[in-house]
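Residue numbers (our numbering): 149 to 422. The structure under discussion appears below in the form of structure tokens.
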Ligand code: FAD
């Protein structure tokens, strides 16, 4: 089957976490992903964490793409990071606005990811393959769903090569969004896939990022309580069916939010036959 797979990690915070991430990377690499991406948290240490993690993945012989968020950052700082990435042979970047901690005012040079995409193109030409974010269920801070679609189209026209979506469990949201943009932008729209393994963590993330857990899924997960095996098995079934629907609808890739764990993603890929 002709479909690209990619996997997302976050930088490990401990030596133990870093060792586990290496094992996770080795296990997932067997599925021949197009690339691994590494998130870039706001503030301090994780910025180095992203670079070190990306370099580690590269040393293991795989393509690695750092996420780069711009909110609160100066042009000078982003220029420095771009140079570092280019000097280290990085060819792909996931360009994001990012989120400032609540209560913080943005004092940086960039307001939106579109400005970062523009800046990357102005500074480095076509060196980087640029991925951007998309929101089938609308970004929570958007003025309106229509304004969010316009902002996405504008961001792509600033120079993005491909887009990865926020995770969702309702394929109709993705298909509707795709219908709205596909005649206006000519880039792949890759669904972001979040395996379901832990209800409270998923509910927390989903509240924070505005992703909906449909009622029929939420109800069941809540009733499983501490029964991790029941959550795992139901989650696998739901997410595999979601992926099957998306593949049937012709998506050209799937991007997995692995949460640095190989097994939940591997189980889905096994079920899909990848
Ligand atoms: P933008 O595209 O700039 O959009 C942000 C908001 O501004 C939207 O509401 C949009 O409608 C609005 N907007 C955009 N342009 C305009 C305009 N010209 N006028 C008015 N409104 C406008 N966050 C991290 O901190 N680190 C990560 O590593 C990270 N990785 C992610 C990976 C993926 C695949 C996804 C989907 C998200 C990721 N995020 C990450 C979260 C992301 O940073 C947040 O969702 C953030 O709030 C928005 O980022 P964006 O790049 O989509 O922003």
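Glycine included, every Cβ here is placed at the ideal spot set by N, Cα and C. Quick caveat: nothing in here was measured; it's all calculated off a predicted structure.
Practice problem: Look at the alpha carbon of residue 300 and the alpha carbon of residue 314, and state the distance between them as a whole number of angstroms. | Solution: Here residue 300 refers to the residue found at position 152 when the chain shown is read from its first residue. Here residue 314 refers to the residue found at position 166 when the chain shown is read from its first residue. Between residue 300 and residue 314, the C-alpha separation is close to 13 Å.
- Report the residue ranges of all beta strand (DSSP E) runs contained in full by the stretch 242-290; include only those spanning at least 3 residues, in chain order. 277-282
*asked:* Alpha carbons only, please: which of 200, 421, 413 is nearest the one belonging to residue 176?
replied: Counted from its first residue, the chain shown places residue 176 at position 28. Of the listed residues, the one whose Cα sits closest to residue 176 is 413.
(message) Given this structure, state the Cα-to-Cα distance separating residue 249 from residue 399, to the nearest angstrom.
(response) Counting from one through the chain shown, the residue named residue 249 turns up at place 101. Counting from one through the chain shown, the residue named residue 399 turns up at place 251. Answer to the nearest angstrom: the Cα atoms are 34 Å apart.
* Using the Cα positions of residue 329 and residue 318, report the straight-line distance between them to the nearest angstrom. => In the chain shown, the residue the question calls residue 329 occupies position 181. In the chain shown, the residue the question calls residue 318 occupies position 170. Their backbone Cα atoms lie some 18 Å apart in a straight line.
Practice prompt. Go ahead and label residue 215 buried or exposed: buried means 16 or more other beta carbons lie within 10 angstroms of its beta carbon, across all protein chains shown.
Written response: Walking along the chain shown from the start, residue 215 turns up at place 67. So residue 215 counts as buried.
Residue 182 Cβ short of 8 Å to the ligand FAD heavy atom set
In the chain shown, the residue the question calls residue 182 occupies position 34. For residue 182, the shortest C-beta to heavy atom distance toward the ligand FAD is 8 Å or greater.
Is any heavy atom in the ligand FAD found nearer than 8 Å to the beta carbon of residue 217?
Along the chain shown, read from residue 1 onward, the residue named residue 217 stands at position 69. Answer for residue 217: yes, Cβ within range of the ligand FAD.
- Message: Going by DSSP, what residue range makes up the alpha helix (DSSP H) through residue 365?
- Response: Numbered from 1 along the chain shown, position 217 holds the residue referred to as residue 365. Start and end: 363-372.
Rounded to the nearest angstrom, how far is the Cβ of residue 416 from that of residue 339, given a contact under 8 Å? Here residue 416 is taken as the residue at index 268 of the chain shown, counted from 1. Here residue 339 is taken as the residue at index 191 of the chain shown, counted from 1. So it is not a contact: roughly 12 Å between Cβ atoms.
- Query: Quick one: any contact between the stretch 227-238 and the stretch 162-182, if contact means 3 or more CB pairs under 8 Å?
  - Reply: no
Mind checking whether residue 187 and residue 198 have CB atoms under 9 Å apart?
-> Locating residue 187 in the chain shown gives position 39, counting from the first residue. Locating residue 198 in the chain shown gives position 50, counting from the first residue. For residue 187 and residue 198, yes; Cβs fall inside 9 Å.
* Assign residue 359 to one of three DSSP states: helix, strand, or coil. => Along the chain shown, one-based indexing puts residue 359 at 211. In the three-state DSSP reduction, residue 359 falls in the coil class, being neither helix nor strand.
Between the beta-carbon of residue 205 and the beta-carbon of residue 240, is there less than 9 Å?
Locating residue 205 in the chain shown gives position 57, counting from the first residue. Locating residue 240 in the chain shown gives position 92, counting from the first residue. Cβ distance not < 9 Å, so residue 205 and residue 240 don't count as in contact.
Original post:
Is the Cβ-Cβ distance between residue 402 and residue 394 less than 9 Å?
Top reply: Mapped onto the chain shown, residue 402 falls at position 254. Mapped onto the chain shown, residue 394 falls at position 246. The answer is yes: Cβ separation under 9 Å.
**Asked** If we count the other Cβ atoms within 10 Å of its Cβ and call it buried at 16 or more, is residue 303 buried or exposed?
**Response** What you label residue 303 is simply residue 155 of the chain shown in a count that begins at 1. By the neighbour-count rule (16 or more Cβ atoms within 10 Å), residue 303 is buried.
Roughly how far, in whole angstroms, is the beta-carbon of residue 217 from the beta-carbon of residue 245, given that I think they are within contact range, below 8 Å?
Looking up residue 217 in the chain shown gives position 69. Looking up residue 245 in the chain shown gives position 97. The pair is a contact, with the Cβ atoms about 6 Å apart (cut-off 8 Å).
If I follow the unbroken beta strand (DSSP E) through residue 339, where does it start and stop? Numbered from its first residue, the chain shown carries residue 339 at position 191. Start and end: 337-341.
**Asked** Which runs of the alpha helix (DSSP H), 4 residues or longer, sit entirely within the stretch 180-246?
**Response** 193-207, 223-235
Exercise for the section: Assign residue 324 to one of two classes, buried (16 or more other C-beta atoms within 10 Å of its C-beta) or exposed (fewer than that). Expected result: Walking along the chain shown from the start, residue 324 turns up at place 176. Burial call: exposed.
field: Status (buried if at least 16 other CB within 10 Å, exposed otherwise) for residue 270
entry: To locate residue 270, count along the chain shown from 1; it is residue 122. With fewer than 16 other Cβ atoms within 10 Å, it is exposed.
* Asked: Looking at the unbroken alpha helix (DSSP H) that takes in residue 325, where does it start and where does it end?
  -> On the chain shown, position 177 is the one that residue 325 refers to. Unbroken alpha helix (DSSP H) run through residue 325: 319-329.
Check your understanding: For residue 255, which option in 159, 369, 223, 162 has the closest C-alpha, if you only look at C-alpha atoms?
Key -> By 1-based counting over the chain shown, the position of residue 255 is 107. Answer by Cα proximity: 223.
* To do: Specify the secondary structure class of residue 401 as computed by DSSP and reduced to three states.
  => Position 253 of the chain shown, counted from the first residue, corresponds to residue 401. DSSP places residue 401 in strand when its eight states are reduced to three.
If you compare alpha carbons, which of 184, 166, 165, 169 is closest to residue 156? Here the question's residue 156 lines up with position 8 in the chain shown. For residue 156, the nearest C-alpha among the options comes from 184.
If residue 272 and residue 230 are in contact, beta carbons under 8 Å, what's the gap, nearest whole angstrom?
Along the chain shown, read from residue 1 onward, the residue named residue 272 stands at position 124. Along the chain shown, read from residue 1 onward, the residue named residue 230 stands at position 82. Right, their Cβ atoms sit about 6 Å apart.
**Message:** If I measure Cβ to Cβ from residue 388 and keep anything under 6 Å in the same chain, skipping five residues before and after, which residues do I get?
**Reply:** Numbered from its first residue, the chain shown carries residue 388 at position 240. Hits under 6 Å: 416, 419.
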